[in-house]
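Chains as they are written, first to last, in numbering that gives the first Met the number 0: chain A, 0 to 273; chain B, 0 to 227; chain C, 0 to 287.
Positions of the beta carbon are idealized from the N, C-alpha and C atoms, including for glycine.
Take a look at the structure below.
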Amino acid sequence: MQWFDRSRAWFGVILLLVCGGVVIFTELVKSGRNLHIREIAGLKAIEEAVGRATEMGRPCLFVPGLQDMNEIPTVAGISVLSHVARIAAEYDATIEVPTSRSLVMTAARETVQAAYFSAGRADAYSDDRIYYVTEEQFPYVAYLTGYMVREKPAACFYAGTFFAESLILAETGNSIGAIQIAGTSEASQLPFFVAACDYTLIGEELFAASAYLSHEPHQLGSLKGQDAGKLLAAVLLAAGSLIATAAALMPNSHALAMALHFLKDNLLGKGGPG
Amino acid sequence: MKSNIPWLIAAVTGCTMIVAWFVPVAKDWRDEAGTWYEILAAIAFVLGGANLFTQHLQKISARRAGWGYSAVTLVAFVGTLVVGLLKVGVIPDDPNYPWSGYHQEEGSALWWLFYYVYNPLTAAMFALLAFYVASAAFRAFRVKNAEATLLLSTAFIVLLGRTYAGAWLTSPVPDEYSALTFPGLTAIILGVFNTAGQRAIMIGIALGVAATSLKVLLGVDRSYLGSD
Amino acid sequence: MLDFLKNLDRRWIFLAMLLAVAIPVVMQKTFPEKPTKLVQDAFDAIENLPDESNVLFSFDYEPSTEGELAPMAKALIRHCCLKRHKMFFMTLWPGGLPLIEQNIEDIISKEYEEEHFARGKDYLNLGYNAGREVAIIVMGTNFKRMFPTDNDKIPLDDPTLPMAHDIDRLDDMDLIVDISAGYPGMKEWVQYAASPYGIKLVIASTAVQAPQAYPYYPNQLTGVLAAIKGAAEYEAALGEKYPKYRDPAFNDAIRRMAPQLWAHLLIIGLILLGNGIYFAERIKGTRR
Chain A
0 MQWFDRSRAW FGVILLLVCG GVVIFTELVK SGRNLHIREI AGLKAIEEAV GRATEMGRPC
60 LFVPGLQDMN EIPTVAGISV LSHVARIAAE YDATIEVPTS RSLVMTAARE TVQAAYFSAG
120 RADAYSDDRI YYVTEEQFPY VAYLTGYMVR EKPAACFYAG TFFAESLILA ETGNSIGAIQ
180 IAGTSEASQL PFFVAACDYT LIGEELFAAS AYLSHEPHQL GSLKGQDAGK LLAAVLLAAG
240 SLIATAAALM PNSHALAMAL HFLKDNLLGK GGPG
Chain B
0 MKSNIPWLIA AVTGCTMIVA WFVPVAKDWR DEAGTWYEIL AAIAFVLGGA NLFTQHLQKI
60 SARRAGWGYS AVTLVAFVGT LVVGLLKVGV IPDDPNYPWS GYHQEEGSAL WWLFYYVYNP
120 LTAAMFALLA FYVASAAFRA FRVKNAEATL LLSTAFIVLL GRTYAGAWLT SPVPDEYSAL
180 TFPGLTAIIL GVFNTAGQRA IMIGIALGVA ATSLKVLLGV DRSYLGSD
Chain C
0 MLDFLKNLDR RWIFLAMLLA VAIPVVMQKT FPEKPTKLVQ DAFDAIENLP DESNVLFSFD
60 YEPSTEGELA PMAKALIRHC CLKRHKMFFM TLWPGGLPLI EQNIEDIISK EYEEEHFARG
120 KDYLNLGYNA GREVAIIVMG TNFKRMFPTD NDKIPLDDPT LPMAHDIDRL DDMDLIVDIS
180 AGYPGMKEWV QYAASPYGIK LVIASTAVQA PQAYPYYPNQ LTGVLAAIKG AAEYEAALGE
240 KYPKYRDPAF NDAIRRMAPQ LWAHLLIIGL ILLGNGIYFA ERIKGTRR
């Protein structure tokens, strides 16, 4: 009976380092340490976008993506919705949130309601604006594009997971003259959003959004922990590249061959602690 | 209580999946959690259908703007459900059991709806992308600075390299210099530059997912439950 | 003229795209294709497997992407039929099930009617599983937990399904072929099947997703069919090895490369035109 799979030991170490980094930095922030987050242009533009919609007397459209609440990008998208909803409440702008999952609709309703309460505009909140359309991808985007062409929202926000429909949404939004802010972790859809939207949150900027907007300690600490993980990845990449290059240039060096083998097959492979 | 119990379920299941990755003895617990997930995923379909029905019915009864579209949705939904459940047009396998037979049998009403309604509609929506790519290319791809010039040059090489035009234009290039042909350059762009960029984005996204997942498991982030 | 072009109604662009695609479709002109290394590796992965090896097909797409992925699916199934590999079909997408049945009917039953492929002995439709990536995770160590029966509700241990008797884990498959349009699909099979168990994995994916496959090649992915071009190259490789498949009836993807060529040329033309307008405006602005 094997109690521990030794071939995954190094993977466990890396996992502990990354998760440990998140926990440590969260505690550091809670203890009062200041952490700097660089400006994310897309998030700064939210206020401008909602303000524009208010001036034009047209609604804001928020699309939380295609996936359910069990997916992390959807959770991140709902965090962005909270911020957008609070600004919309303060500016007295209408915000419409058609969803493709019933659980996302429920979470979005509670989030928007909480945002309206925190802005002191509880009376302005309406459940009718946040509704479930359909789970199917293309019927959902057909509804959204139809809504956009009919109601002509002045500001469109796309935050969550998107697939092939991303360009359809972005181009339709462009054709109605809306200001568009998009964020997705789907790398294949980023080029379409970058080409067609005014601002795009690229990859992990979507996950950083909730920390950037709320400045809550656990959010900021988590962001810093991710940076620590990136630093670890960068160190491993640099070390591995140098060792691999040196080993290729000096094929007779046993030490370099051993180091490369350890890095590739042990640390990053299935060799165990070696 | 309202948020603690769901959080506990999420935390216990998530930790079980993680522990089972390292501890082979816990594999059966992971498989059990996987089976539970599969059951819940299947129930989510029913939940999704029921929600679709109630939401659109409410819209119709309240005569909210766009209620006509909701009526079309419900007619299509109920119609498809009825023909599928009743196996309309399906020849029974056993004449003594009128509802035996495969519900998606070729020629049945459900089969017809799938192949002649759903299939062309979704394919048509996906095909819209070709038109939107063209209009986006005309409107947005401008040589405003050095980066945009680099982007456009790369786009031209890949657009040509992925078709016969690229191979034909650079066909006089000798084989030993095939890397300088359009297909060769496309392979280098995709295999080297694109791969490097994709790896960087993937690492960042994976770390973001890991950190957010950790927050969900520890109960720090409960926004998925509707609370901040 | 400049004003007209500057304010060009996008419907003219849509019309141009329609003509660029429709005219080549009508004219049915084809161009020669040469397999790239990624496609050749995918071809060799199936070709070099001993005959009657276990191949798991995962049809992770729906009718919306059938235009791009169906030719790949057909070419891959034809190749496996030629090698008499035992084909297991499954899908993680609800809309994928009818597509499996269509391919079994059109390719295995009709095209290879004389070979008398038998269900349960040469091919098996396992059906749809709602578990997404969790299904792959569990299949890794307990295949029959996720698929206790085939799509006709016959237990996999039934004597009529001998090809499934020895399949206990994912790595009992000699090759996995994932035809992927999104999530769940390529990345999930790489992360939860190919990477942990070292199973050979060939991906056939849409153009949009294809760049994401490159970081995984050649370690986690044995081969990649990227977009309709990859499908055309695979058909060319199949025709090269088996001359019967040079017949245009078997070359759906090769036929689709002509519309792609003209669509790409149109896009290049539109980009050049757009930049021409941009620079003309700048010059006009400078002269004022």
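Test: residue i CB closer than 8 angstroms to a CB of chain C
{"i": "K86(B)", "result": "no"}
{"i": "A178(B)", "result": "no"}
{"i": "F3(A)", "result": "no"}
{"i": "V22(B)", "result": "no"}
{"i": "S240(A)", "result": "no"}
Within 8 angstroms, strictly: CB atoms of residue i and residue j
{"i": "T171(A)", "j": "V148(A)", "result": "yes"}
{"i": "G181(C)", "j": "F162(A)", "result": "yes"}
{"i": "I276(C)", "j": "L4(C)", "result": "yes"}
{"i": "V28(A)", "j": "P216(A)", "result": "yes"}
{"i": "E280(C)", "j": "A122(B)", "result": "no"}
{"i": "L112(B)", "j": "T79(B)", "result": "yes"}
{"i": "N193(B)", "j": "Y213(C)", "result": "yes"}
{"i": "T53(A)", "j": "S81(A)", "result": "no"}
{"i": "V18(B)", "j": "W2(A)", "result": "no"}
{"i": "R141(B)", "j": "G284(C)", "result": "no"}
{"i": "L262(A)", "j": "I242(A)", "result": "yes"}
{"i": "L91(C)", "j": "A134(C)", "result": "yes"}
{"i": "E340(A)", "j": "G220(A)", "result": "Summary: the structure shown does not reach residue 340(A), with chain A confined to residues 0 through 273, and so no result is reported for it."}
Local conformation of residue i per DSSP, three classes
{"i": "N50(B)", "result": "helix"}
{"i": "S226(B)", "result": "Residue placement at S226(B) is poorly supported in this model, since its pLDDT is 48, which falls under 50; the coordinates still yield a value, given next. Correct three-state label for S226(B): coil."}
{"i": "G126(C)", "result": "strand"}
{"i": "A203(C)", "result": "strand"}
{"i": "E95(A)", "result": "strand"}
{"i": "M138(C)", "result": "helix"}
{"i": "Q179(A)", "result": "strand"}
{"i": "I12(C)", "result": "helix"}
{"i": "M89(C)", "result": "strand"}
{"i": "P58(A)", "result": "coil"}
{"i": "T133(A)", "result": "coil"}
{"i": "Y36(B)", "result": "helix"}
{"i": "A207(A)", "result": "helix"}
For residue j and residue i, the rounded distance between their alpha carbons
{"i": "S187(A)", "j": "K186(C)", "result": "12 angstroms"}
{"i": "Q179(A)", "j": "V140(A)", "result": "16 angstroms"}
{"i": "S125(A)", "j": "G19(A)", "result": "42 angstroms"}
{"i": "L102(A)", "j": "W35(B)", "result": "18 angstroms"}
{"i": "L84(B)", "j": "Q136(A)", "result": "24 angstroms"}
{"i": "A209(B)", "j": "L155(C)", "result": "37 angstroms"}
{"i": "G239(A)", "j": "M249(A)", "result": "15 angstroms"}
{"i": "D226(A)", "j": "I200(B)", "result": "13 angstroms"}
{"i": "K256(B)", "j": "W20(B)", "result": "A question about residue 256(B) goes unanswered here, because the residues of chain B that appear run from 0 up to 227."}
{"i": "S99(A)", "j": "N265(A)", "result": "43 angstroms"}
{"i": "S226(B)", "j": "I178(C)", "result": "Residue confidence is low: S226(B) scores 48 on pLDDT, short of 50, so the model does not pin down where it sits. Its coordinate-derived value is still stated next. So the alpha carbons of these two residues sit roughly 39 angstroms apart."}
{"i": "E299(C)", "j": "P173(B)", "result": "With chain C covering 0 to 287 only, the question about residue 299(C) has no answer from this structure."}
{"i": "R254(C)", "j": "T29(C)", "result": "6 angstroms"}
{"i": "G88(B)", "j": "V82(B)", "result": "8 angstroms"}
{"i": "L143(A)", "j": "L168(A)", "result": "8 angstroms"}
{"i": "K73(C)", "j": "N102(C)", "result": "7 angstroms"}
{"i": "A230(B)", "j": "T148(B)", "result": "The first residue shown for chain B is 0 and the last is 227, placing residue 230(B) beyond what the model contains."}
{"i": "R245(C)", "j": "H102(B)", "result": "37 angstroms"}
Test: residue i CB closer than 8 angstroms to a CB of chain A
{"i": "P119(B)", "result": "no"}
{"i": "S226(B)", "result": "Reliability fails at S226(B), whose pLDDT of 48 lies under 50, so the model's placement of it is uncertain and the value that follows must be treated cautiously. Yes, S226(B) counts as interfacial toward chain A."}
{"i": "P242(C)", "result": "no"}
Beta carbon proximity, residue i to chain B, threshold 8 angstroms
{"i": "L81(C)", "result": "no"}
{"i": "K29(A)", "result": "no"}
{"i": "M0(C)", "result": "no"}
{"i": "M16(C)", "result": "yes"}
{"i": "G127(A)", "result": "The sequence shown places Asp at residue 127(A), rather than the Gly named in the question. At least one chain B Cβ lies under 8 angstroms of D127(A)."}
{"i": "H263(C)", "result": "yes"}
Rounded distance between the beta-carbons of residue j and residue i, thought under 8 angstroms
{"i": "F137(B)", "j": "I156(B)", "result": "The pair is not a contact, with the Cβ atoms about 19 angstroms apart (cut-off 8 angstroms)."}
{"i": "I175(C)", "j": "I198(C)", "result": "6 angstroms"}
{"i": "L220(C)", "j": "A164(B)", "result": "With 8 angstroms as the limit, L220(C) and A164(B) do not qualify as a contact, their Cβ atoms being about 28 angstroms apart."}
{"i": "F56(C)", "j": "M86(C)", "result": "6 angstroms"}
Any non-hydrogen atom of the ligand PLP closer than 7 angstroms to residue i Cβ
{"i": "N47(C)", "result": "Although the ligand PLP was asked about, the structure shown includes no ligands whatsoever."}
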